[in-house]
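The sequence shown lines up with residues 1275 to 1410 when you count with this note's numbering.
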Amino acid sequence: MQPFALDERLARDSSLVIKLGLCELRLIEDRRWPWLVLVPQRPGISEVFELTPLDQAVLTFEQNLVASGLKTLTHATKINVAAIGNVVRQLHVHVIARFEGDPNWPGPVWGHGAAEAYTDDERREIKKKLLEAIHS
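Encoded structure:
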């Protein structure tokens, strides 16, 4: 069996926040939206149904943990959770805080304008606050 390897596009477009029980929790490098990605650390998986039943349950738990923490941290109007995978086939779940009046409300975040990178200080601060929110 091949070891888990993060897709190069996910590695390029995000940074690690923490490794949870099943998933890597990653922060997408676009400060316009608080945007996280959960990546199950299982090789060769592109669909949720390809995970074992136990991994499916853990993924659901981790999605809810992260979505709840993100809602607590941001007080967003809506937390969007989606596993699309049309471009990056490796299974990953987007968890995005959306606000009325954000740069593309109520449209999708995908393909809207150019990403705005975090500064090093902003990245450190949001990661710290995310971890506090998730563990509270």
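Idealized CB from N, CA, C, for every residue including glycine. All values derive from a computational prediction rather than experimental measurement.
- Secondary structure at R1397: helix, using DSSP grouped into helix, strand and coil.
- K1403 and V1369 have their C-alpha atoms some 16 Å from each other.
- Contact check for V1311 against I1302 passes: the beta carbons are separated by less than 9 Å.
- Under the DSSP assignment, R1283 falls outside any beta strand (DSSP E), being part of the alpha helix (DSSP H) whose first and last residues are 1282 to 1287.
- Here the alpha carbon of G1375 sits roughly 35 Å from the alpha carbon of Q1315.
- Rounded to whole angstroms, the separation of the alpha carbons of D1329 and Y1392 is 32 Å.
- Burial state of D1304 is buried, judged by a 10 Å Cβ sphere holding 16 or more other Cβ atoms.
- Under the three-state reduction of DSSP, P1317 is assigned to coil, being neither helix nor strand.
- Annotated as distal: V1322 and L1284, with beta-carbon spacing of 9 Å or more.
- For a cut-off of 8 Å, the C-beta gap from R1372 to K1345 is around 11 Å, too long to register as a contact.
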